[in-house]
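Residue numbers (this note's numbering): 53 to 95.
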């Protein structure tokens, strides 16, 4: 998937089954963590 979308290695890629509540929750948690870490680096 990473190669097909030509994603930079720094871009996180994770598996999520949107039909599964826990999987969706974990994906959102990781998204927020990534966003916060990028904000901290830019501060």
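Even for Gly, the Cβ is constructed at its ideal location relative to N, Cα and C.
Residues in its own chain within less than 7 Å of residue i by CB, not counting five upstream and five downstream?
{"i": "residue 74", "result": "none"}
{"i": "residue 70", "result": "76"}
Nearest to residue i by CA position, among the options, is which residue?
{"i": "residue 82", "options": "68, 92, 54 and 93", "result": "68"}
Name the two residues that bound the continuous alpha helix (DSSP H) containing residue i.
{"i": "residue 55", "result": "54-57"}
Assign residue i to one of three DSSP states: helix, strand, or coil.
{"i": "residue 90", "result": "helix"}
{"i": "residue 80", "result": "helix"}
{"i": "residue 85", "result": "helix"}
Here's a check: name, in chain order, each residue in its chain whose Cβ is nearer than 6 Å to the Cβ of residue i, leaving out the five neighbours to either side.
{"i": "residue 86", "result": "64"}
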